[in-house]
Structures are given as structure tokens and as C-alpha cells.
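Peer 1: Letter by letter, the sequence shown follows residues 325 to 470 in our numbering.
Don't be surprised by glycine CBs; every beta carbon is placed ideally from N, CA and C.
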Amino acid sequence: MADSLRERALKLLARREHSRRELARKLAPRCEDPDELARVLDELQARGWLSERRVVEQLVHTRRSRFGARRIERELLEKGVSEDAVAGVLPDLKAGDLAAARAVWRKKFGRQPRTAAERARQARFLQGRGFALDVIMKVLKSRDEE
Numbered sequence: 325m326a327d328s329l330r331e332r333a334l335k336l337l338a339r340r341e342h343s344r345r346e347l348a349r350k351l352a353p354r355c356e357d358p359d360e361l362a363r364v365l366d367e368l369q370a371r372g373w374l375s376e377r378r379v380v381e382q383l384v385h386t387r388r389s390r391f392g393a394r395r396i397e398r399e400l401l402e403k404g405v406s407e408d409a410v411a412g413v414l415p416d417l418k419a420g421d422l423a424a425a426r427a428v429w430r431k432k433f434g435r436q437p438r439t440a441a442e443r444a445r446q447a448r449f450l451q452g453r454g455f456a457l458d459v460i461m462k463v464l465k466s467r468d469e470e
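1) Give me the Cα-Cα distance between Leu361 and Leu337, rounded to the nearest whole angstrom.
2) With 16 other CB atoms within 10 Å as the buried threshold, where does Leu374 fall?
3) Would you identify the three-state DSSP class for Val384, choosing helix, strand or coil?
4) Could you have a look at Glu407 and say whether DSSP puts it in helix, strand or coil?
5) Classify Arg544 as helix, strand or coil using the three-state DSSP reduction.
6) DSSP on Ser328, reduced to helix/strand/coil?
7) Grouping DSSP H, G and I as helix and E and B as strand, with all else coil, what is Phe449?
8) Excluding the 5 residues preceding and the 5 following Arg445 in the sequence, name in chain order all residues of the same chain whose CB lies nearer than 8 Å to its CB.
9) I need the DSSP call for Trp373, collapsed to helix, strand or coil.
10) Considering Cα atoms alone, identify which of Ala424, Val413, Leu365 is closest to Gln382.
11) Take Gly392 as the anchor and find which of Glu376, Ser406, Pro415 has the nearest alpha-carbon.
12) Quick test of the definition: if touching needs 3 or more C-beta pairs under 8 Å, does the region 457-466 touch the region 396-410?
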């Protein structure tokens, strides 16, 4: 059973990086013994095939162009990545938030809001993408000044 469990885990990891919690959740229905699942996950981690660092790098790389630091942070925590690993990447994410928010805003709207309602709609959109309120205000304010 451990071999088939290991094979299934490797197939999942071949598609994309998974956190330990994600992999355990996906493999649990196919395993009667939780200790066996833990042993397989420990082996994968010991061999370097299960890496929290790579999970963080992959998610940040795929989400950065469309989402803000808050959204990415929430997704990482939902995937079971440790708070320490998330805290390690947050400063870089927050540093690039303004540029990312401008790019997302430009792609979606491309022109400054003409009314208060339109401004609120644009702000809500950016908020939903995980950008902080101060970043959103800078993006919308810089558009007003142009």
C-alpha cells in the first residue's frame, strides 16, 4: 500500500508543488492507516520532493501579476504553509504591491474614474484582488493627478 501511496503522491507532485497538508488531504481517502501516510510524507520531505519553499515560490510566481500581498498570504496559509515561511516572503510581496496594483488597474480599467461610484467600484475591485487600502488609494490618486 505504501508504494501505491508514494506513486500517487509523486504523480500529484509532478503536476505542481503541494504543501504537506494539501498532499495529506488528497491522499487520506486512499489510505486506511494515518501512520503510513505520515511515513510516506516524511520520506518525500526527506528526499526533497516535498518542499514548502517551492510551494511558496510557485504560488508567488503564478499569482503575483494578478493579486496583492494579502490575497497571496491568505492562499499560502490556506494551503498549510507555515506562518514563518509566509512571513519570510511578505516583505518582498508588499514592496512590489504598488506596481502590481497599477498593472492590474491598468489592465482592467485603463482610465481614471469619472464619478465617485466608479472610483468606489475600482477600489472594491482592487481590494478583492488582495491589495491594501493605502496601495489602492495611491493607485487611484496617481490616476487622478495624471
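Peer 2: In brief:
1) 15 Å
2) buried
3) helix
4) helix
5) Residue 544 lies beyond the residue range present for the chain, which begins at 325 and ends at 470; the question has no answer from this structure.
6) helix
7) helix
8) Pro437
9) coil
10) Val413
11) Pro415
12) no
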